[in-house]
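Here is the structure we will look at.
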Amino acid sequence: MSEQQQGAAAAHGGRPTEPPADPRASWATWTTQSIISGPGGVTTAEVGPISGDLTVHTTWVDAEARLTVQYTGALDWYTVAGSPVPAGDEITARAIHQAMVNAVKAGRGAGAPSAPGM
């Protein structure tokens, strides 16, 4: 332990201090473009169902997967009904994104999928 670490440890009751967590490790995003929705499309919170050539975007932050959808090439994004979904880690959030992509392909007014194992 360096002198600086020893000094920091002494200042904190003898325990070495840990560096702050890398904030980049606590969020991630995924986007899948040009998904042709199945009949009935995807249900959104803002405008109800949308269908056609869609793009799905998932943001994982604060232990939840936030799912949005847009018409591919459009500017407006819509919240998928049932979003956000609890996701304690990045692997779970990625699985939720893929489940949403599959749900868009199936259509039937798809909403946000449940977290795996729930």
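For what it's worth, the UniProt record's numbering labels the leading residue of the sequence shown as 1, then goes sequentially. C-beta atoms are modelled at their ideal positions from N, C-alpha and C, and glycine is treated no differently. Note that the coordinates shown come from a computational prediction; the quantities given were computed from them, not determined experimentally.
* To do: Put Val47 into one of helix, strand or coil per three-state DSSP.
  => coil
* To do: Using DSSP bridges, identify the partner residues of Arg66.
  => Thr59
* Asked: Thinking C-alpha only, which one of Ser51, Trp60, Val85 is nearest Gln70?
  -> Ser51
* To do: Could you spell out where the alpha helix (DSSP H) holding Ala106 opens and where it closes?
  => Looking at the DSSP string, the run of the alpha helix (DSSP H) that includes Ala106 is 90-106.
* With DSSP collapsed to three states, give me the class of Ser83. => Here Ser83 sits in coil by DSSP.
* Check the C-beta distance from Trp27 over to Arg94 and give it rounded, since I have them as a contact under 8 Å. => Wrong, their Cβ atoms sit about 12 Å apart, outside the cutoff.
* Own chain residues within Cβ distance below 7 Å of Thr43, not counting five before or after -> Pro49, Ala81, Gly109, Ala110, Gly111
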